[in-house]
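With full-length UniProt numbering as the guide, the letters of the sequence shown map in order to residues 1 to 166.
Glycine residues also receive a C-beta, built at the ideal position from the N, C-alpha and C atoms.
In this text the structure is predicted, and so the values were computed from the model without any measurement.
See below for the structure under consideration.
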Amino acid sequence: MEKRERAGNFTESEKEIMTSITSKYFSIIENKKTDAITIKQKTETWERIADEFNLSANNVKRTGLQLKNALLQPQLEPVKSRFDSTANFIIEEKKNCDIYETVQDYTKKKTQKHSRLDQKLEIEIEILQIKKQREEELLNQQKFNTLKAELEYLIVKKQFDELNKN
């Protein structure tokens, strides 16, 4: 295995150029598949990125592997620092707690809102039941009045028939 020469650090302009170029190929280089075809496709893509990078401005010539490592390095920093220092771990945990509390508050508000909606629906159901009961009572009253009128009619008719017989 050959020993490689160390290249210089990336400048801010080189980082910006690299970011703009890699954004075009994001779907390929961030693909989670690890089969042979995908790995080959990723390697070819990194070489294309290196070619485009080396064609732009006054950059130091970089290989696809160097660009890949430069892109992945910042993504790995939080993981490294998390295990390097307890303080960083505590800071990360504090952030996680803050996020948890925010989500918890949001969930609590949503739950309260749903609870109020449930109460409102229960009241509306009670109102509808009372209206239904009232309508049934009115209907029963109308039936009673109709039967009463029919009964009175029959009584009067019977009395009239008896008078006509005599």
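Rounded to a whole number of angstroms, what is the C-alpha to C-alpha distance between residue i and residue j?
i: ARG116; j: THR102; result: 21 angstroms
i: ALA70; j: ILE39; result: 18 angstroms
i: LEU139; j: TYR153; result: 21 angstroms
i: GLN31; j: THR22; result: For clarity, residue 31 is Asn in the given sequence; the question names Gln instead. ASN31 and THR22: Cα-Cα distance of roughly 13 angstroms.
i: ILE99; j: HIS114; result: 22 angstroms
i: ASP35; j: THR43; result: 12 angstroms
i: THR45; j: GLU16; result: 18 angstroms
i: GLU162; j: GLU122; result: 59 angstroms
i: LYS157; j: ASN164; result: 10 angstroms
i: LYS110; j: LYS33; result: 38 angstroms
Count the other CB atoms within 10 Å of the CB of residue i; is the residue buried (16 or more) or exposed (fewer)?
i: ALA149; result: exposed
i: GLU124; result: exposed
i: PHE53; result: buried
i: ILE49; result: buried
i: GLU12; result: exposed
i: GLN66; result: buried
i: GLU14; result: buried
On a Cα-Cα basis, can you pick out the residue from the options that is closest to residue i?
i: TYR25; options: GLU12, GLN41, LYS33 and ASP35; result: GLN41
i: ASN9; options: THR19, VAL60, LYS165 and ILE17; result: VAL60
i: LYS68; options: MET18, GLU137, GLU135 and LYS109; result: MET18
Using a Cβ-Cβ cut-off of 7 angstroms (strictly less than) and excluding sequence neighbours within five positions of residue i, which residues of its own chain qualify?
i: GLN62; result: Note on residue identity: the sequence assigns Arg, not Gln, to residue 62. These residues qualify, in order along the chain: ALA7, ALA50, PHE53 and ASN54.
i: LEU128; result: none
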